[in-house]
Amino acid sequence: MGDVLAGIHATWEFEPDAVLIRFERGIRAPRLFHTLRERRIPHEALASVTLSRGKRGTVVLHAVPRPGADPLMEAASGQLKEGSDPYRLVLPADRETLAEYYGDELRALLGPEAKEPADRFLVAAPEAPLQFKAYDGKASFDGRQVAFRWFWTGASSAKWKAGDQTFPVRELSGVEWRSPDVLDGYLRLLRRGHEGDIQPAQADQDPAAVVFGLGYGPVHESLPFAAAVLAAVRESGAASPVPVAVASGRRDPADIAERIRHLGELHQAGLVTDEEFAAKKAELLAQL
């Protein structure tokens, strides 16, 4: 088709074999859209296309992805709020006829595979490196391994006892993401060869998980992270290995600096006493 349909917070460009979605980065746009920037959705990744009436004089063109086609939507597992769904294009009601035309054109391009789940990811995942701050630690992913570095003020004693964790992608079987918009949100890594093991029921007791909280692990940071890890896990397809022991020795100076900064924020907020701040800062600096 080669045409462009501009909506509220996003623009769809119709290519011969895909829809290129460019997201607006305005102040009113969902922050997840800011992070995604643009996504190319191949026609073969779509299950259906619908048009419906929206709120306050709008219509919504909705391209529904096939199950298993998009790592972002697989990680979200139906938990995204409607307004943050990257497959919804909201337009003024006076553009309904135009939206209906493009919806029909796009629908006609869907093949018989649209009725079946995809056997592989067809939409590109967010690119590493990625990181975000959870309530109890910092999560980072470099494309090859996931690292959890615990915060002294947030991590449980079980996590401190286990120590900082590093998980090579080849040792993972999946990712479980529970939205920070609900109570007890978290990101949990599922390890190969541990399917029969009993994992701690609470994520704050599981060294393979980080927990969210108010201002920690927001959707626009933790969901792309989860999607990138999930895509890397699917691509690896490795056999189940043994768990990795956390290496001892000197820590990354950047990680120490981040912990001290976080500690300083808590100190300024009155959540840590002067004595506790000084003692913990000295302990962290001794690890350099």
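One gets my numbering by counting positions in the sequence shown from 1 and adding 118 to each.
All C-beta atoms in this analysis are idealised placements derived from N, C-alpha and C, irrespective of residue type, glycine included.
Computed from a predicted structure; not experimentally measured.
query, result
"Whole runs of the beta strand (DSSP E) within the segment 227 to 271, excluding any shorter than 3 residues", "248 to 251, 255 to 259 and 263 to 268"
"Contact set for residue 221: own chain, Cβ-Cβ below 7 Å, skip 5 residues either direction", "167, 169 and 179"
"Of the listed residues 334, 226 and 345, nearest to residue 194 (C-alpha basis)", "345"
"Integer-rounded CB distance, given that residue 142 should sit under 8 Å from residue 132", "About 18 Å; that fails the 8 Å criterion."
"Chain-order list of residues whose beta-carbon lies under 6 Å from that of residue 361 (same chain, five-residue window excluded)", "Here residue 361 scores only 35 on pLDDT, less than 50, and its place in the model should not be relied on; the value that follows carries that caveat. Cβ within range, chain order: n/a, list empty."
"Where residue 258 falls, given that 16 or more other Cβ within 10 Å makes a residue buried", "buried"
"Distance cut-off 7 Å: residue 271 Cβ against heavy atoms of the ligand NAD", "Absent from the structure shown: the ligand NAD. Ligands present: none."
"Segment limits, alpha helix (DSSP H) that includes residue 275", "275 to 280"
"Straight-line gap, residue 342 to residue 378 (C-alpha atoms, nearest Å)", "26 Å"
"Residue 354 versus residue 137 - alpha carbon distance", "27 Å"
"Whole-Å CB distance - residue 184 paired with residue 232, under 8 Å assumed", "6 Å"
"Beta-carbon proximity list for residue 228, same chain, < 7 Å, skipping 5 on both sides", "161 and 164"
"Alpha-carbon spacing of residue 212 relative to residue 125, whole angstroms", "12 Å"
"Residue 326 versus residue 288 - alpha carbon distance", "15 Å"
"Counterpart residues of residue 181 in DSSP-defined beta bridges", "167"
"Stretch pair the segment 188 to 202 + the segment 272 to 280: three plus CB contacts closer than 8 Å", "no"
"Residue 310 vs residue 302 beta-carbon contact at 8 Å", "no"
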